[in-house]
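In the working numbering, the protein residues as written are 53 to 220.
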């Protein structure tokens, strides 16, 4: 297996954290801070980080307000020193054929919730101020289907763009 970039390592940390908390959780937002910078400003965290060689340390943020995620993200501005951010968000996905079958008048969210072939997934997307991004998707286990974890660079491009906008 190819080695992971520092951003992918931070994303994997965020995804493991979300997985440990379980399913049916609200979106979680993390600041990505350079570990050396964090330890320089807060040396007492060295014991907590356990001598981590990670380039970036994810720092969980307060809960995102209820409401449309895009509106909440549009209100976020990061302080200087934040190298990037990551978001974990649960969504429903449908097979491509389901979208073609959806009645024009049907509410998309309700249609997805009620569709027999829906699949619950947890998206994790991380971005850096230089524009790089990484993403992962964990498919929730169902009867007859094992849980799966997939990594990629472009699994949720719109979400990556929205996160990048918070860093500008």
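Idealized CB from N, CA, C, for every residue including glycine.
Residue 215 sits close to residue 177, with the two beta carbons spaced by under 8 Å. Under the DSSP definition of a beta bridge, residue 69 lacks any partner. Per DSSP, residue 187 is one residue of the beta strand (DSSP E) stretching across 185 to 191. Annotated three-state conformation of residue 58 is helix, per DSSP.
8 Å or more divides the Cβ of residue 212 from the Cβ of residue 173.
DSSP places residue 132 in no beta strand (DSSP E); its state is neither H nor E. Runs of the beta strand (DSSP E) lying entirely within the stretch 150 to 175 and spanning at least 3 residues: none are present. For residue 220 and residue 137, the gap between their C-alpha atoms comes out near 12 Å. Residue environment for residue 157: exposed (fewer than 16 other C-beta atoms within 10 angstroms of its C-beta). Annotation: the continuous alpha helix (DSSP H) that includes residue 213 extends over 209 to 218. Using a 10 angstroms sphere on the CB of residue 195, the tally of other CB atoms stays under 16, which defines it as exposed. Residue environment analysis places residue 88 among the exposed positions, since fewer than 16 neighbouring C-beta atoms fall within 10 angstroms of its C-beta. Following the DSSP letters along the chain, one finds residue 126 inside the alpha helix (DSSP H) bounded by residues 121 to 126.
Collapsing the DSSP output to three states places residue 83 in a strand.
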